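What follows is a single structure, written as structure tokens, with notes after it.
In full-length UniProt numbering, the protein residues as written are 1 to 309.
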């Protein structure tokens, strides 16, 4: 049975662009078109509150995405914005105020996506911007959060009006460094870091979208012999890509090994965001219809909606 919890509401005129839970599910960060960052806290009485110290202006323009760091690095939050910057935030243990630890300003165009890497890659942060470039920053000294050198960059897609619109890290420690990148040109590619050349190269080209990508999520795959990537594009088209893991350096995966499943979403109810559960077995989609749909794969591999909330 589904249950719902109400949150203290922002102004009605505010359009929320993104929301994200921390690792433990007790903090919820939202960012919006009014440039504000709101960080809700779940109390011991299971009530969500919005402390006065947890609502503040994060950027000088619309804020698009938020991402929490892995828990081993403390309670860090990243945001990106139309003002072409990425900000790193940390809560002060005494005052409970959120302090800006760093501003990353290498992009000269709006930054539309940001995500911390999984714990095993160190304290890294990937960003995608309208110039089509994916930038990866790394905090070499986790005790000095003001210093985030730009460690790598690559052209994730063709530069356009929006450039890179979404990205997601592969969470597996056994498959090397991989990132899936979606663009406003409809491209969706898996990039892999080559230790030999010390550069990022296209690993797989995931075809199937004609319009810009809105969101992409890489499922956790512990105990599975294959990867699952879910993506949603313009018009509310949702697809799940399945491809096997490589077994050693001598084996490669190509486009022929990719199985694509298109979800049967409701007509007229465009999907904007999606996300996997921790085991990568249930996919949630949400959009303009005011509901969240839960999808699971049948024994035959067909994805079906099992619940709507």
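We put the CB at the ideal spot given by N, CA and C, even for glycine.
What you are looking at is a predicted structure, and each value in this text was computed from that prediction instead of being measured.
**OP:** Compute the beta-carbon to beta-carbon distance between residue 272 and residue 214, rounded to the nearest angstrom, for a pair I have assumed lies under 8 Å.
**Re:** Taking the first residue of the chain shown as 1, we reach residue 272 at position 272. Taking the first residue of the chain shown as 1, we reach residue 214 at position 214. Correct: roughly 6 Å between the Cβ atoms.
Original post:
Starting from residue 215 and walking both ways along the beta strand (DSSP E), at which residues does that stretch end?
Top reply: Residue mapping note: residue 215 aligns to position 215 of the chain shown, counting from 1. 213 to 218 is the span of the beta strand (DSSP E), which, as asked, contains residue 215.
Original post:
Does DSSP put residue 185 in a helix, in a strand, or in coil?
Top reply: To locate residue 185, count along the chain shown from 1; it is residue 185. Residue 185: coil per DSSP, three-state reduction.
Original post:
Cα separation between residue 79 and residue 67?
Top reply: In the chain shown, the residue the question calls residue 79 occupies position 79. In the chain shown, the residue the question calls residue 67 occupies position 67. Roughly 7 Å between the two C-alpha positions.
Original post:
Taking the beta strand (DSSP E) that residue 115 falls in, what are its first and last residues?
Top reply: The count along the chain shown starts at 1 and reaches residue 115 at position 115. That run of the beta strand (DSSP E) goes 111 to 116.
Original post:
How is residue 57 classed by DSSP in three states: helix, strand or coil?
Top reply: Residue mapping note: residue 57 aligns to position 57 of the chain shown, counting from 1. Strand.
Original post:
Excluding five sequence neighbours on each side, which residues of the same chain lie with their C-beta closer than 8 Å to the C-beta of residue 10?
Top reply: Position 10 of the chain shown, counted from the start, is the residue given in the question as residue 10. Closer than 8 Å at Cβ, skipping near neighbours: 16, 30, 32, 34, 36, 38.
**OP:** Keeping to the same chain, check which residues put their C-beta closer than 7 Å to that of residue 106; ignore five residues upstream and five downstream.
**Re:** On the chain shown, residue 106 is found 106 positions in, with the first residue counted as 1. Within the same chain, residue 106 has close Cβ partners 135, 150.
**OP:** Leaving aside the five residues before and after residue 1 along the sequence, list all residues of the same chain whose C-beta is less than 6 Å from its C-beta, in chain order.
**Re:** On the chain shown, residue 1 is found 1 positions in, with the first residue counted as 1. Residue confidence for residue 1 is low, a pLDDT of 46 falling below 50, so the modelled location carries little weight and cannot support an answer.
Subject >> For residue 27, the nearest candidate out of 69, 63, 60 (CA to CA) >> reply: Counting from one through the chain shown, the residue named residue 27 turns up at place 27. Considering only alpha carbons, the answer is 69.
Original post:
Hey, how far is the Cα of residue 182 from the Cα of residue 283?
Top reply: Numbered from 1 along the chain shown, position 182 holds the residue referred to as residue 182. Numbered from 1 along the chain shown, position 283 holds the residue referred to as residue 283. Between residue 182 and residue 283, the C-alpha separation is close to 18 Å.
Subject >> For residue 299 and residue 175, the rounded distance between their alpha carbons >> reply: Within the chain shown, residue 175 is the residue found at index 175, counting from 1. Within the chain shown, residue 299 is the residue found at index 299, counting from 1. Approximately 26 Å, taken between the alpha carbons.
Original post:
In this structure, what does DSSP give as the bridge partners for residue 200?
Top reply: Translated into positions along the chain shown, residue 200 becomes position 200. DSSP output for residue 200 lists 193 as bridge partner(s).
Original post:
Who pairs with residue 23 in a beta bridge, going by DSSP?
Top reply: As a working mapping, residue 23 is identified with position 23 in the chain shown. According to DSSP, residue 23 bridges with nothing at all.
Original post:
Hey, would you say residue 202 sits closer than 9 Å to residue 185, going by beta carbons?
Top reply: As a working mapping, residue 202 is identified with position 202 in the chain shown. As a working mapping, residue 185 is identified with position 185 in the chain shown. Not in contact: residue 202 and residue 185 (Cβ atoms no closer than 9 Å).
Original post:
Going straight from the alpha carbon of residue 57 to that of residue 84, what length do you get?
Top reply: Your numbering for residue 57 matches position 57 in the chain shown. Your numbering for residue 84 matches position 84 in the chain shown. In a straight line, the C-alpha of residue 57 is about 15 Å away from that of residue 84.
Subject >> Beta-carbon contacts of residue 138 that lie in its chain and below 8 Å, excluding the five residues immediately before and after >> reply: Counted from its first residue, the chain shown places residue 138 at position 138. 122, 123, 124, 125, 148, 149, 151, listed in sequence order.
**OP:** Determine the DSSP secondary structure at residue 335, reduced to helix, strand or coil.
**Re:** As shown, the chain starts at 1 and ends at 309. That puts residue 335 outside it, with no answer to give.
Subject >> Reference residue 6; option with closest CA among 216, 42, 288 >> reply: Mapped onto the chain shown, residue 6 falls at position 6. Among 216, 42, 288, the Cα nearest to that of residue 6 is on 42.
Original post:
Skipping 5 residues on each side, what residues in its chain have a beta carbon closer than 6 Å to that of residue 259?
Top reply: As a first step, residue 259 is located in the chain shown; it is residue number 259 there, counting from the start. Contacts found: 242.
**OP:** Grab the span of the beta strand (DSSP E) containing residue 140 for me, first residue to last.
**Re:** Taking the chain shown and counting its residues from 1, one reaches residue 140 at position 140. Counting along the chain, residue 140 falls outside any beta strand (DSSP E), and DSSP gives it neither H nor E.
Original post:
Assuming residue 89 contacts residue 54 under a Cβ cut-off of 8 Å, what Cβ separation, rounded to an integer in Å, is found between them?
Top reply: As a working mapping, residue 89 is identified with position 89 in the chain shown. As a working mapping, residue 54 is identified with position 54 in the chain shown. About 10 Å separates the two Cβ atoms, so there is no contact after all.
Original post:
With C-beta atoms as the reference, is residue 229 less than 9 Å away from residue 180?
Top reply: Residue mapping note: residue 229 aligns to position 229 of the chain shown, counting from 1. Residue mapping note: residue 180 aligns to position 180 of the chain shown, counting from 1. Yes.
Original post:
Skipping 5 residues on each side, what residues in its chain have a beta carbon closer than 7 Å to that of residue 142?
Top reply: The residue given as residue 142 occupies position 142 in the chain shown. Hits under 7 Å: 73, 123.
Subject >> Sub-9 Å separation of residue 162 and residue 212 beta-carbons >> reply: As a working note, residue 162 is residue 162 in the chain shown. As a working note, residue 212 is residue 212 in the chain shown. In this structure, residue 212 lies closer than 9 Å to residue 162 by Cβ.
**OP:** In angstroms with no decimal places, state the Cα-to-Cα distance between residue 208 and residue 108.
**Re:** What you label residue 208 is simply residue 208 of the chain shown in a count that begins at 1. What you label residue 108 is simply residue 108 of the chain shown in a count that begins at 1. Residue 208 and residue 108: Cα-Cα distance of roughly 30 Å.
Subject >> residue 144, buried or exposed, once every other Cβ within 10 Å from all chains shown has been counted against 16 >> reply: Locating residue 144 in the chain shown gives position 144, where the first residue counts as 1. Answer is exposed; the Cβ neighbour count stays below 16.
**OP:** Measure the C-alpha to C-alpha separation of residue 237 and residue 270 and round it to an integer number of angstroms.
**Re:** What you label residue 237 is simply residue 237 of the chain shown in a count that begins at 1. What you label residue 270 is simply residue 270 of the chain shown in a count that begins at 1. Taking the straight line joining both Cα atoms gives about 8 Å.
Original post:
Between residue 232 and residue 276, what straight-line distance do the alpha-carbon atoms span, to the nearest angstrom?
Top reply: As a working note, residue 232 is residue 232 in the chain shown. As a working note, residue 276 is residue 276 in the chain shown. Going from the Cα of residue 232 to the Cα of residue 276 covers about 13 Å.
Original post:
Can we count residue 282 as close to the ligand PLP, meaning its CB is less than 8 Å from some heavy atom?
Top reply: Although the ligand PLP was asked about, the structure shown includes no ligands whatsoever.
Original post:
Among residues of its own chain, excluding the 5 on either side of residue 23, which ones have a beta-carbon nearer than 6 Å to its beta-carbon?
Top reply: If you number the chain shown from 1, residue 23 lands on position 23. Contacts found: 71.
Original post:
Would DSSP call residue 302 helix, strand or coil?
Top reply: Within the chain shown, numbered from 1, the residue matching residue 302 stands at position 302. Of the three classes helix, strand and coil, the one that applies to residue 302 here is coil, per DSSP.
Original post:
In angstroms, rounded to a whole number, what distance separates the CA positions of residue 245 and residue 21?
Top reply: Here the question's residue 245 lines up with position 245 in the chain shown. Here the question's residue 21 lines up with position 21 in the chain shown. Residue 245 and residue 21 have their C-alpha atoms roughly 28 Å apart.
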